[in-house]
Amino acid sequence: MLGSFALRLDVSQLPFYFPAALMMCAVSLLVKVPVYFYFGLYRRLWLYASTSELRLITVAVTTASVLTSGIMLVLINIEFLQPGMPRSALGIDWLLSLVLIGGSVLPCVFSRSNLIHARMEKPNAYL
28 MLGSFALRLD VSQLPFYFPA ALMMCAVSLL VKVPVYFYFG LYRRLWLYAS TSELRLITVA
88 VTTASVLTSG IMLVLINIEF LQPGMPRSAL GIDWLLSLVL IGGSVLPCVF SRSNLIHARM
148 EKPNAYL
């Protein structure tokens, strides 16, 4: 959340948009944690992750980001946030969330697929 502002803005602009960044952090925590829990991201055993889990992560992150973006845009339109915020920070937040959450599971998926391929090549060998 703060990373999206840091990537979007120049260092001199960060203090100007700090209230919006704090509001986005609060909204993101209130939205993303329940959405990720609903999609079961906290109940998975990631050691056995596959590409279907990567799709699940993509859907969960997209759903949470759409809800967060909608709430933030409503807050901006009713002028609750002054001076507003850069709209591109919402898209950057989605991309960062997808990379950080999906990227943490990706090594598990690749190591598991490599193990399966190694077992197929040498079925009688102990790995």
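Count along the sequence shown from 1, add 27, and you get the number used in this note's numbering.
Quick reminder that beta carbons are idealized off the backbone N, C-alpha and C, glycines included.
Computed from a predicted model, the values in this text were never measured in an experiment.
(request) Report yes if the C-beta distance between F66 and A87 is below 8 Å; otherwise report no. (result) One-based indexing of the sequence shown puts residue 66 at position 39. One-based indexing of the sequence shown puts residue 87 at position 60. The answer is yes: Cβ separation under 8 Å.
(request) Mind checking which residues open and close the alpha helix (DSSP H) that includes S39? (result) In the sequence shown, the residue the question calls residue 39 occupies position 12. That residue, S39, is in no alpha helix (DSSP H); it is neither H nor E in DSSP.
(message) Please report the distance separating the alpha-carbon of L127 from that of I84.
(response) Against the sequence shown, residue 127 aligns to sequence position 100. Against the sequence shown, residue 84 aligns to sequence position 57. Taken atom to atom, the span from the alpha-carbon of L127 to that of I84 is near 11 Å.
(request) Locate the alpha helix (DSSP H) running through E80, then write down its first and last residues. (result) Taking the first residue of the sequence shown as 1, we reach residue 80 at position 53. Run containing E80: T78 to N104, per the alpha helix (DSSP H) assignment.
(request) With DSSP as the reference, label Y69 as helix, strand or coil. (result) Along the sequence shown, read from residue 1 onward, the residue named residue 69 stands at position 42. Residue state, collapsed to three classes: coil.
(message) Give me the residue from S55, C52, F32 and V54 with the minimum Cα distance to Y44.
(response) Taking the sequence shown and counting its residues from 1, one reaches residue 44 at position 17. Nearest C-alpha to Y44: F32.
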